[in-house]
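Everything on this sheet refers to the single structure shown next.
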Amino acid sequence: MILLTSIQINQPIVVSLNEEHTNSYLTALKSMQPDTQFVVIIFNAPRTDRYQAVKKYCCCEQPIASQVINSRTISREDKMKSIVMKIALQINCKLGGSLWSVKIPYNCSMVVGIDVYHEGVGSQGQNVVGLVSSTNRDYTSYYSQAVIQRRGQEITSCIAQPFKQALDKYIQVNGVDH
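Residue numbers (UniProt numbering): 1 to 178.
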């Protein structure tokens with residue numbers, strides 16, 4: 001096993017809020033510089049609605065990697081080293097790093113995973129098929145796609161194109177001749 005933890009962090013831009021309102025957090029997020037790569041948000045008190053609003057903004061409205069921390073978590077002096085290490089490892093992963101890898105003796109191989117989301121029993125909605133594939137030789141970087149599966153459609157017919165795109169991505173990243 002190889003431990004991989006190499007991220008570079010520039011001097012952070014610190015934004016302090018005068019209020020603990022959800023809108024205050026969202027306003028601060030909306031005013032960040034367009035080239036921001038990562039945000040760390042520290043909540044004084046845990047609130048599910050605030051957490052969900054911040055994560056929704058960071059995932060859907062302005063896609064940016066984020067880490068939310070409860071101030072109580074980082075105020076425990078006796079466990080600070082362990083807590084900071086865990087947070088740093090999470091940030092590393094969210095920025096595209098990997099915690100570890102396993103050497104697998106195959107060259108030019110790609111691992112593919114497929115899952116289907118079903119809306120529920122008796123639902124007339126469509127299914128969503130997710131396909132994720134490895135893009136590097138250490139199996140630590142991935143390419144993912146989601147496609148809509150029509151009712152009654154065989155899964156093989158709706159994943160043919162995403163699978164081809166996954167192969168193309170692997171070839172592009174690894175320079176493999178086909």
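Glycine is no exception: its CB is placed at the ideal position from the N, C-alpha and C atoms.
Since the structure is predicted, the reported quantities are computational estimates derived from the model, not experimental observations.
With a beta-carbon spacing of about 12 Å, Thr22 and Ala45 fall beyond the 8 Å limit used to define contacts. The beta-carbon separation of Leu131 and Val112, rounded to 7 Å, stays under the 8 Å limit for a contact.
The criterion of a C-beta distance shorter than 8 Å is satisfied by Thr135 and Lys169.
When Cβ pairs closer than 8 Å are counted between the two stretches, the region 31–44 is seen to touch the region 59–73, the count reaching three or more. Given a length threshold of 4 residues, each whole run of the alpha helix (DSSP H) inside the region 94–177 is given here in chain order: 155–174. Excluding the 5 residues flanking it on each side, Ile91 has same chain C-beta neighbours closer than 6 Å at Gln67, in chain order.
Gln149 places its beta carbon less than 8 Å from that of Val129. By the criterion of a C-beta distance shorter than 6 Å, Phe43 is surrounded in its chain by Asn70, once the five residues flanking it on both sides are discounted. Inter-residue distance for Arg137 and Val176 is about 11 Å (C-alpha atoms, whole angstroms). If the five residues before and after Gln126 are omitted, its C-beta is found closer than 7 Å to the C-beta atoms of Ile148, Gln149, Arg150 and Arg151, all from its own chain and listed in chain order. In the displayed model, Val14 falls within coil according to three-state DSSP, outside both helix and strand. When Tyr139, Ser98 and Ile9 are compared, the shortest CA-CA separation from Ile104 is found for Tyr139. The beta carbon of Arg76 is closer than 8 Å to those of Ile83 in its chain, skipping five residues each way along the sequence.
Straight through space, the alpha carbons of Val15 and Ala28 are spaced by roughly 8 Å.
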